[in-house]
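Trainee: Take the sequence shown: its position 89, counting from 1, is numbered 102 in our numbering, and each next residue is one higher. Note that beta-carbon positions come from the ideal geometry of N, C-alpha and C, so glycine has one too. Pasting a structure below so you can have a look.
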Amino acid sequence: MYRLFSRVPSGLLPMAKIVQAHIERMGNEVINQREARIHEEGEKDTNQDPNFVKALLSLHDKFVGVVNAQFEKNSLFHKALKEAFVEFVNKDVGKFKNADLLSSFCDRILKKGGEKLGDAEVENHLEKVREDRREGGR
14 MYRLFSRVPS GLLPMAKIVQ AHIERMGNEV INQREARIHE EGEKDTNQDP NFVKALLSLH
74 DKFVGVVNAQ FEKNSLFHKA LKEAFVEFVN KDVGKFKNAD LLSSFCDRIL KKGGEKLGDA
134 EVENHLEKVR EDRREGGR
């Protein structure tokens with residue numbers, strides 16, 4: 014579809030909007046799952062939620078790969094990815110902001126006892142958080 018719509022003048026814009034809406038839905042689902050765990054399941058709201066941060070990072074990795082591979086790194090789709098992440102990463106759940114959760118995750122992986130990761134894995138996680146924060150606009 015990408016190759017077909019790229020031949021039409023302004024044909025990729027509607028496609029990019031659809032991709033953006035899809036990414037927003039997926040991201041809002043991650044946000045809603047955290048909200049459900051806190052409010053409905055009674056999970057304690059702390060500034061440590063590595064599963065939530067890992068879910069955001071995984072979602073970002075997935076769609077960066079899609080934009081780069083399937084949409085040939087087209088700037089419209091990179092913009093759609095960025096705008097989608099701005100929408101849902103800036104939705105805070107509970108008493109802690111998502112930025113606090115990301116920084117706590119980084120702090121945890123940098124400490125010796127927090128996560129059992131090698132140097133390369135720590136660097137990889139930190140790079141992903143940096144990219145995710147840049148996409149999120151905070």
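At the level of alpha carbons, what is the spacing between ASN41 and GLU100?
Mentor: Looking at the two C-alpha atoms, the distance is approximately 9 Å.
Trainee: Under the three-state reduction of DSSP, which class applies to GLN5: helix, strand or coil?
Mentor: A question about residue 5 goes unanswered here, because the residues of the chain that appear run from 14 up to 151.
Trainee: State yes or no: is the C-beta of GLN46 within less than 9 Å of the C-beta of PHE18?
Mentor: The answer is no: Cβ separation not under 9 Å.
Trainee: Return the chain-ordered ranges of every alpha helix (DSSP H) run that is complete within the segment 79-103 and spans a minimum of 4 residues.
Mentor: 88-102
Trainee: Ordered along the chain, which non-local residues of its own chain (more than five positions away) have a Cβ less than 7 Å from that of ILE152?
Mentor: The first residue shown for the chain is 14 and the last is 151, placing residue 152 beyond what the model contains.
Trainee: Look at the alpha carbon of LEU26 and the alpha carbon of LEU89, and state the distance between them as a whole number of angstroms.
Mentor: Taking the straight line from one Cα to the other gives about 7 Å.
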